[in-house]
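Chemist: First, the structure itself, so that you have it in front of you.
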Amino acid sequence: MERKPLVEAFRALDRRQFLDRACRDLAGLDEPLPIGHGQTISQPTLVLEMTALLDPEPGSKILEIGTGSGYQTALLAPFCKIVCTVERIPELARQAEERLVRLGYTNIRFRMGDGGTGWPEEAPFDRIIVTAAAGIVPPPLVAQLASPGRLVIPVGPRGWQDLLLITKDAAGKLTERVIEKVAFVELVGDYGWNQAKDRS
Numbered sequence: 004m005e006r007k008p009l010v011e012a013f014r015a016l017d018r019r020q021f022l023d024r025a026c027r028d029l030a031g032l033d034e035p036l037p038i039g040h041g042q043t044i045s046q047p048t049l050v051l052e053m054t055a056l057l058d059p060e061p062g063s064k065i066l067e068i069g070t071g072s073g074y075q076t077a078l079l080a081p082f083c084k085i086v087c088t089v090e091r092i093p094e095l096a097r098q099a100e101e102r103l104v105r106l107g108y109t110n111i112r113f114r115m116g117d118g119g120t121g122w123p124e125e126a127p128f129d130r131i132i133v134t135a136a137a138g139i140v141p142p143p144l145v146a147q148l149a150s151p152g153r154l155v156i157p158v159g160p161r162g163w164q165d166l167l168l169i170t171k172d173a174a175g176k177l178t179e180r181v182i183e184k185v186a187f188v189e190l191v192g193d194y195g196w197n198q199a200k201d202r203s
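Numbered per this note's numbering, the sequence shown spans residues 4 to 203.
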């Protein structure tokens, strides 16, 4: 995707709309902020970077694991055909859906459940983005990734993880690239930190 339209959309997206009133004055800080239930809204520059790595296209079908506040979802939506987003915490899922509908987004589908299992009924997905840290790359997500396709996911133990870009070519061959170190909340479920292996 072209960088300029993404940056323009990023700058136009008001982060305050995705925060509780108590945190709105901090929206301009380039750092994670709490959204309740032990979860956070990611730092803006990382949201931008992960979206660029995902490289959505106008006809793309995207799976987002970890709706959270809906901030990342809102940045993805203008650049693809549809976003299918999964959140495991009922209150966050409800708030995000209400917020995104109120803001006028019409190409987002919502589901509550274990993100590590993906959304089999909607697969395959041209792009998959995971906004919580997995101990290992969840096999269901790889299986639900289209050929060709791109998967962006933080993988590693509690503390610091590797942000991975996994690409699948037209023949189904996978290539993995470590982008940088990041720190995310856990992808709770079968593929959480208890599955983490030493990646050093």
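We put the CB at the ideal spot given by N, CA and C, even for glycine.
Compute the Euclidean distance between the alpha carbons of A30 and A174, then round it to the nearest angstrom.
Modeler: When rounded, the distance between both Cα atoms is 43 Å.
Chemist: E125 to A99, Cα distance in whole Å?
Modeler: Going from the Cα of E125 to the Cα of A99 covers about 20 Å.
Chemist: In three-state DSSP terms, what is V104?
Modeler: Helix, per DSSP.
Chemist: Thinking F128 and K64 are a contact (beta carbons under 8 Å), I'd like their distance in whole angstroms, please.
Modeler: The pair is a contact, with the Cβ atoms about 5 Å apart (cut-off 8 Å).
Chemist: For G138, list the residues DSSP reports as bridge partners.
Modeler: The partner list for G138 (beta bridge, DSSP) is empty, contrary to what the question assumes.
Chemist: Should W122 be labelled buried (16 or more other beta-carbon atoms within 10 Å of its own) or exposed?
Modeler: By the neighbour-count rule (16 or more Cβ atoms within 10 Å), W122 is buried.
Chemist: If you count every other CB in all the chains shown that lies within 10 Å of the CB of T134, and 16 or more means buried, which is it?
Modeler: Classification for T134: buried.
Chemist: Short of 6 Å in beta carbon distance, which residues of its chain neighbour C83, apart from the five on each side in sequence? Order them along the chain.
Modeler: If we look at C83 and ignore the five residues flanking it on each side, its Cβ neighbours are P59, S63 and I65.
Chemist: Quick check: what's the CA-CA separation for E5 versus P61?
Modeler: If you take the alpha carbons of E5 and P61, they lie about 12 Å apart.
Chemist: I need the straight-line Cα distance from Y74 to P93, nearest angstrom please.
Modeler: Each residue's Cα considered, the two are about 17 Å apart.
Chemist: How many Å lie between A149 and C87 at the Cα?
Modeler: So the two alpha carbons sit approximately 14 Å from each other.
Chemist: CB L57 to CB R130, shorter than 8 Å?
Modeler: Contact flag set, yes.
Chemist: Report all residues from its chain with a CB closer than 6 Å to the CB of I85; omit the five preceding and five following residues, and keep chain order.
Modeler: Cβ neighbours of I85 beyond the five flanking positions: K64 and N110.
Chemist: When you compare each of T43, Q20, L144 and E52 to E101 by their alpha carbons, which one comes out closest?
Modeler: With distances taken between Cα atoms, E101 lies closest to Q20.
Chemist: Whose C-beta lies closer than 6 Å to the C-beta of I157 among residues of the same chain, with five residues either side of it excluded?
Modeler: Residue 157 is actually Pro in this sequence, not Ile. Result list for P157: A136, Q164, L166, V185 and F187, in chain order.
Chemist: Could you tell me how far apart the beta carbons of G116 and R97 are, in whole angstroms, since I believe they sit closer than 8 Å?
Modeler: The Cβ separation is near 14 Å, so there is no contact.
Chemist: Would you kindly report the start and end of the unbroken beta strand (DSSP E) that includes K171?
Modeler: Q164 to K171 is the span of the beta strand (DSSP E), which, as asked, contains K171.
Chemist: From the DSSP secondary-structure annotation, give me the bridge partner or partners of V191.
Modeler: Per DSSP, none; premise fails for V191.
Chemist: If you draw a straight line from the C-alpha of E179 to the C-alpha of D23, how long is it?
Modeler: Roughly 36 Å between the two C-alpha positions.
Chemist: State yes or no: is the C-beta of T120 within less than 8 Å of the C-beta of P151?
Modeler: Contact: no.
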